[in-house]
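A short worksheet on the structure shown next.
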Amino acid sequence: MRGNNKILHIWAVEIKKGNFLGQGVDEPLSETGFKQAAAAGIFLNNVKFTHVFSSDLMRTKQTVRGILEKSKVCKDLTVKYDPRLRERKYGVAEGKALSELRAMAKAAGEECPVFTPPGGETLDQVKMRGKDFFDILCQLILREAGQNEQCSQGAPSNSLETSLAEIFPLGKTCAPESNSDSAAPGLVASVLVVSHGAYMKSLFNYFLTDLKCSLPTTLNKSEFMLVSPNTGISLFIINFEEGREVKPTVQCVCMYLQDHLNGVTDSH
Numbered sequence: 002m003r004g005n006n007k008i009l010h011i012w013a014v015e016i017k018k019g020n021f022l023g024q025g026v027d028e029p030l031s032e033t034g035f036k037q038a039a040a041a042g043i044f045l046n047n048v049k050f051t052h053v054f055s056s057d058l059m060r061t062k063q064t065v066r067g068i069l070e071k072s073k074v075c076k077d078l079t080v081k082y083d084p085r086l087r088e089r090k091y092g093v094a095e096g097k098a099l100s101e102l103r104a105m106a107k108a109a110g111e112e113c114p115v116f117t118p119p120g121g122e123t124l125d126q127v128k129m130r131g132k133d134f135f136d137i138l139c140q141l142i143l144r145e146a147g148q149n150e151q152c153s154q155g156a157p158s159n160s161l162e163t164s165l166a167e168i169f170p171l172g173k174t175c176a177p178e179s180n181s182d183s184a185a186p187g188l189v190a191s192v193l194v195v196s197h198g199a200y201m202k203s204l205f206n207y208f209l210t211d212l213k214c215s216l217p218t219t220l221n222k223s224e225f226m227l228v229s230p231n232t233g234i235s236l237f238i239i240n241f242e243e244g245r246e247v248k249p250t251v252q253c254v255c256m257y258l259q260d261h262l263n264g265v266t267d268s269h
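Everything in the sequence shown is counted per our numbering, starting at 2 for the first residue and increasing by one.
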């Protein structure tokens, strides 16, 4: 592998519902949800993922299946279903409307989303789940990268994308600070992660506050903390300095991209 750094791409696709389904209400996708998953798959059909991780809830399983079915390069890639990627647990509020959750929070003298319904997870607990998943993912990628280097004796890999611009059209919501060759020599993995809105929001908060994630010039911190539209796509570049025991650097390239949803209409 050329260069001293190891680079990982994380493509995050988020699933949300109108009500707070959490973990206890394991409903399938709606007809619109299937259309949105297929649209995301078409949008990402040329991305050569090396790994795919998904929440083990039904709606994310169906979404990741819909994405991979449209792939031109990794249709048969094995999906690893991880319970650490499940939505935040909302306890007694699961399956209820946002207005009911807000009423519960108001009665308790708190505000959403800080409020934790009885039997639910705190935001810190969700964040720790996200951190645990991210740490294990980074360890896996670095271990595999080391094994691949030994086998290839340092030869560069040609199996991954050579330019972010070839993966998707960069618009206002996608403004990478790195040059167009940033996906080349050091890129050791391109990972698709399919999870849920509240969970991903918490994970992204960890990227921003703990790992000091850099943001595109078109994105401010308040926008960073919004909840994604259904099948919104976010892309992060994770950079590891080889041989140094330091936290990886994180760059947000794209947040909540929804270009693929143009023309996808709601149906019941």
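Yeah, the Cβ is synthetic: ideal placement off N, Cα and C, and Gly gets one too.
Exercise for review: Have a look at LYS73, VAL251, GLY198 and flag the residue whose alpha-carbon is nearest the alpha-carbon of MET226.
Suggested key: Taking the first residue of the sequence shown as position 1, residue 226 is located at position 225. Answer by Cα proximity: GLY198.
Review point. Taking the C-alpha atoms as reference points, what is the distance between CYS139 and VAL251?
Key: Residue numbering aside, residue 139 sits at position 138 when the sequence shown is read from its first letter. Residue numbering aside, residue 251 sits at position 250 when the sequence shown is read from its first letter. When rounded, the distance between both Cα atoms is 12 Å.
Check your understanding: PRO84: buried (16+ other C-beta within 10 angstroms of its C-beta) or exposed?
Key -> Indexing the sequence shown from 1 puts residue 84 at position 83. That one is exposed.
Review point. Within 10 angstroms of its Cβ, does ASN159 collect 16 or more other Cβ (buried), or is it exposed?
Key: Within the sequence shown, residue 159 is the residue found at index 158, counting from 1. Here ASN159 scores only 44 on pLDDT, less than 50, and its place in the model is too uncertain to base an answer on.
Check your understanding: Any idea which residues DSSP pairs ASN6 with across the strands?
Key -> Walking along the sequence shown from the start, residue 6 turns up at place 5. Note: ASN6 sits in a beta bridge opposite GLU242.
Practice item. Starting from the Cα of TYR257, find the closest Cα among LEU236, GLU242, TYR91, LYS222 and give me that residue. Key: Counting from 1 along the sequence shown, the entry for residue 257 is found at position 256. Nearest C-alpha to TYR257: LEU236.
Exercise for review: Quick one: using the 10 Å Cβ neighbour count with 16 as the cut-off for buried, is LEU99 buried or exposed?
Suggested key: As a position in the sequence shown, residue 99 is number 98, starting the count at 1. LEU99 comes out exposed.
Check your understanding: By DSSP, does SER72 sit in helix, in strand, or in coil?
Key -> Position 71 of the sequence shown, counted from the first residue, corresponds to residue 72. In the structure shown, SER72 sits in coil (DSSP, three-state: anything other than H, G, I, E or B).
Point to revise | Residue range of the unbroken beta strand (DSSP E) whose run includes THR250 | key: Position 249 of the sequence shown, counted from the first residue, corresponds to residue 250. Here the beta strand (DSSP E) through THR250 covers 250-258.
Review point. Using the rule of at least 16 other Cβ atoms within 10 Å of the residue's Cβ for burial, across every protein chain shown, is ALA108 buried or exposed?
Key: Your numbering for residue 108 matches position 107 in the sequence shown. Counting Cβ neighbours within 10 Å, ALA108 comes out exposed, since fewer than 16 surround it.
Practice item. Apply the 10 Å Cβ neighbour rule to GLU28 and answer buried if 16 or more other Cβ atoms are within range, or exposed otherwise. Key: The residue labelled residue 28 in the question sits at position 27 within the sequence shown. Per the 10 Å Cβ criterion, exposed.
Check your understanding: Where does the unbroken beta strand (DSSP E) through TYR91 begin, and where does it stop?
Key -> As a first step, residue 91 must be located in the sequence shown, where it is residue number 90. It is not in any beta strand (DSSP E) - TYR91 carries neither H nor E in the DSSP assignment.
Point to revise | Three-way DSSP call (helix, strand, coil) for GLU178 in this model | key: By one-based count along the sequence shown, residue 178 stands at place 177. Since pLDDT at GLU178 reaches only 47, below the 50 mark, its modelled position is unreliable, and no value is offered.
Review point. Relative to the C-alpha of ARG87, which residue among LYS202, LEU69, LEU9, VAL189 is closest?
Key: Within the sequence shown, numbered from 1, the residue matching residue 87 stands at position 86. The candidate whose alpha carbon is nearest that of ARG87 is LYS202.
Practice item. Compare the beta carbon distance of TRP12 and VAL48 with 8 Å and say whether it is the shorter of the two. Key: Stepping through the sequence shown from its first residue, residue 12 is reached at position 11. Stepping through the sequence shown from its first residue, residue 48 is reached at position 47. Yes, the Cβ-Cβ distance between TRP12 and VAL48 is below 8 Å.
Check your understanding: Are GLY131 and LEU58 close, meaning C-beta to C-beta below 8 Å?
Key -> Here residue 131 is taken as the residue at index 130 of the sequence shown, counted from 1. Here residue 58 is taken as the residue at index 57 of the sequence shown, counted from 1. No. Outside cutoff.
**Study point:** Of the residues PRO118, GLU101, GLY96, LYS222, the one placed nearest ASN206, counting alpha carbons only
**Key:** For the purposes of this step, residue 206 is taken as the residue at position 205 of the sequence shown. Nearest Cα to ASN206 within the set PRO118, GLU101, GLY96, LYS222: LYS222.
Practice item. Taking PHE208 as the reference, give the member of CYS113, MET129, GLU122 with the closest Cα. Key: Your numbering for residue 208 matches position 207 in the sequence shown. Here the closest residue by C-alpha is MET129.
Practice item. Determine the DSSP secondary structure at LYS107, reduced to helix, strand or coil. Key: Stepping through the sequence shown from its first residue, residue 107 is reached at position 106. Of the three classes helix, strand and coil, the one that applies to LYS107 here is helix, per DSSP.
Exercise for review: Tell me whether ALA13 sits in a helix, a strand or coil according to DSSP, three-state version.
Suggested key: Numbered from its first residue, the sequence shown carries residue 13 at position 12. Strand, per DSSP.
Review point. In the structure shown, what three-state DSSP assignment does SER196 receive?
Key: Here residue 196 corresponds to residue number 195 of the sequence shown, with the count starting at 1. Three-state result, SER196: strand.
Review point. In angstroms, rounded to a whole number, what distance separates the CA positions of GLU101 and LEU188?
Key: Within the sequence shown, the letter at position 100 stands for residue 101. Within the sequence shown, the letter at position 187 stands for residue 188. Whole-angstrom Cα-Cα distance: 45 Å.
Review point. Does the beta carbon of ALA109 come closer than 8 Å to any beta carbon on chain C?
Key: Absence of chain C from the displayed structure is noted, only one protein chain being present.
Review point. Could you give the C-beta distance for ALA106 and GLY67, rounded to a whole number, given that I count them as a contact under 8 Å?
Key: The residue given as residue 106 occupies position 105 in the sequence shown. The residue given as residue 67 occupies position 66 in the sequence shown. Taking the Cβ atoms as the reference, ALA106 lies roughly 34 Å from GLY67, outside the contact range of under 8 Å.
Check your understanding: Out of curiosity, what's the CA-to-CA distance linking GLU145 and HIS52?
Key -> By one-based count along the sequence shown, residue 145 stands at place 144. By one-based count along the sequence shown, residue 52 stands at place 51. The straight-line gap from Cα to Cα measures roughly 11 Å.
Review point. The beta strand (DSSP E) with SER55 in it runs from where to where?
Key: As a working note, residue 55 is residue 54 in the sequence shown. Its beta strand (DSSP E) spans residues 52-55.
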